[in-house]
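The sequence shown begins at 1030 in our numbering and counts up by one.
No residue lacks a Cβ here, since even glycine has one placed at the ideal position from N, Cα and C.
Below: the structure, in structure tokens.
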Amino acid sequence: MILRSEQLAACTVTEVREEVRDARRRDEAIRIAGSATWMDAGRVVRAERLLSVSGLNGVIHYIPGDFTITVRAGTTLQHVAAMAAEERQWLALEPFGARSGTVGATIATGSYGPLAHAFGTPRDHVLGLRVVTGNGDLLTVGGRVVKNVAGFDLTRLFTGSWGTLGIITEATFRLRALPEVDESYALAVDNDPQVMDAQLRAISSASIAPYSVEMLNAALAQRLGVGTDTTILVRLGGNSESVRAQVKALSQLNTVGITSPEIWSSFRECEPEGATVIRFARRPSHLGGLWRSAVKRAAGALVHASVGRGVVRCIVNRDNDEQLTGERWWDPGSAIVERGADIPLHSSGPLAAVTCVRAGISRRIKDVFDPSNILNPGIMGDVG
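This is the structure in structure tokens:
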């Protein structure tokens, strides 16, 4: 929520620093934005200013031989992907959401997608950052080399901090070689609880090293055109011999149908505008029960699960407001609202915000980097 209409589209780091220092002098909060694809996420931010870093874009350094690329925060993921592809390389991140999302927003929100199964989250890809703190100071953390062990790993601290510790202006990523073969397959899943659990165990123990394994409910499978009932998508990559061996192992589990590689782009961008996304997590070995509970709660919603990570996401269209009740969604585990509606709770639990960390250490970290609490105040609850 912007309390008045002061907006700045910064094109240089100097402009970012000056805006932060001026806001601190005037005791005015700043809402930070990139391409504005995450403005509906987190708790409401009450700010007097909106600072966009979308104009702070472009590649600074790209050294294909080192498999590293340094870009400004407003650079889109699509641009990074296109440039890396010219050298047969890629950023194996591909988070959920529009490809117009920026590097800065992806790191700040800790966003990830199906490739997290094999390659991890942004914390596993970011080698270094430049950040403007709430004091207006410019920090350089990490570096441009794959192995950098000097000092503390502040890159992991800023990644996923939702802009509450500083404004990311530049990032260095680790790249990977594009695989020789990149194929995707669809497997039918039996909805009988015992059979489903057996299938999930079989996939987890199979002699395969998949890039991604995602289970889709019937609504999402139909939307993507890969099935009419519960379906598992598996993405395999590597050299041709390795992929052939994995496909053979996969075919022993169930009927396998090959699907277009473009399915993953459609999958990552399947969230309707204004939808609420609710995420649940359990140990991967308990995924079957969590899945059935989520599908039951989310009748009519799009539901998918990252099989190797034990994470289930429910995408609820904003037209289905009657589904968004606290009792329906309350979960004693780790349910969180990833984006969208601020769901009212009828039971106490951890669901009400993206996160609401109250530990004293979190407050002390906040006091170091943003002592005046002007950067995205409140977006993470009491601490943010």
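Under a three-way DSSP split, which group does residue i fall into?
i: L1106; result: helix
i: Q1036; result: strand
i: S1190; result: coil
i: A1206; result: strand
i: E1367; result: strand
i: Q1118; result: strand
i: I1292; result: helix
i: A1274; result: helix
i: G1318; result: helix
i: F1125; result: coil
i: S1133; result: Here residue 1133 is Gly; the residue named in the question, Ser, does not match the sequence. Helix, per DSSP.
i: L1079; result: strand
i: L1253; result: helix
I need the straight-line Cα distance from residue i to residue j, nearest angstrom please.
i: E1116; j: A1147; result: 22 Å
i: L1167; j: G1195; result: 9 Å
i: P1301; j: A1127; result: 11 Å
i: T1284; j: A1250; result: 16 Å
i: S1280; j: L1229; result: 14 Å
i: T1193; j: G1172; result: 22 Å
i: T1257; j: T1138; result: 33 Å
i: A1310; j: L1144; result: 17 Å
i: Q1107; j: G1130; result: 8 Å
i: K1277; j: L1245; result: 22 Å
i: V1161; j: S1236; result: 46 Å
i: C1040; j: S1064; result: 13 Å
Using the beta-carbon count (16 or more within 10 Å), is residue i buried or exposed?
i: N1268; result: exposed
i: A1206; result: exposed
i: K1395; result: buried
i: S1414; result: Look at the range of the chain in this structure, 1030 to 1413, and you will see that residue 1414 is not part of it.
i: F1081; result: A small correction: the amino acid at residue 1081 is Ser; Phe does not occupy that position in the sequence shown. Classification for S1081: buried.
i: R1326; result: buried
i: G1266; result: buried
i: R1159; result: buried
i: V1218; result: buried
i: R1078; result: buried
i: Q1223; result: exposed
i: I1390; result: exposed
i: N1086; result: buried
i: H1090; result: exposed
i: I1307; result: buried
i: I1197; result: buried
Looking only at its chain, what residues have a beta carbon closer than 6 Å to the beta carbon of residue i, apart from the 5 residues adjacent to it on each side?
i: I1232; result: none
i: I1287; result: Y1214
i: P1208; result: G1266, G1267
i: Q1036; result: L1079
i: R1368; result: D1069, A1070, V1306
By Cβ distance, which residues of its chain are closer than 8 Å to residue i, with the 5 residues on each side in sequence left out?
i: G1163; result: V1049, R1053, L1194, G1195, F1398, D1399, P1400, S1401, N1402, I1403, L1404
i: V1074; result: M1030, A1058, R1060, N1405, P1406, G1407, I1408
With a threshold of 7 Å on Cβ separation, who are the neighbours of residue i within its own chain once the five nearest residues in sequence on each side are excluded?
i: T1188; result: I1136, G1139, P1151, R1152, V1155
i: P1239; result: H1146, A1147, V1263, R1264, L1265
i: V1132; result: V1100, A1102, T1104, L1106, V1109, A1200
Should the region 1190–1207 be called in touch with the region 1099–1112, which here means at least 3 C-beta pairs below 8 Å? yes
For the pair the region 1148–1164 and the region 1212–1227, tell me if three or more CB-CB distances fall below 8 Å. no
Would you check if the region 1109–1123 and the region 1217–1227 touch, i.e. whether three or more CB-CB distances between them fall below 8 Å? no
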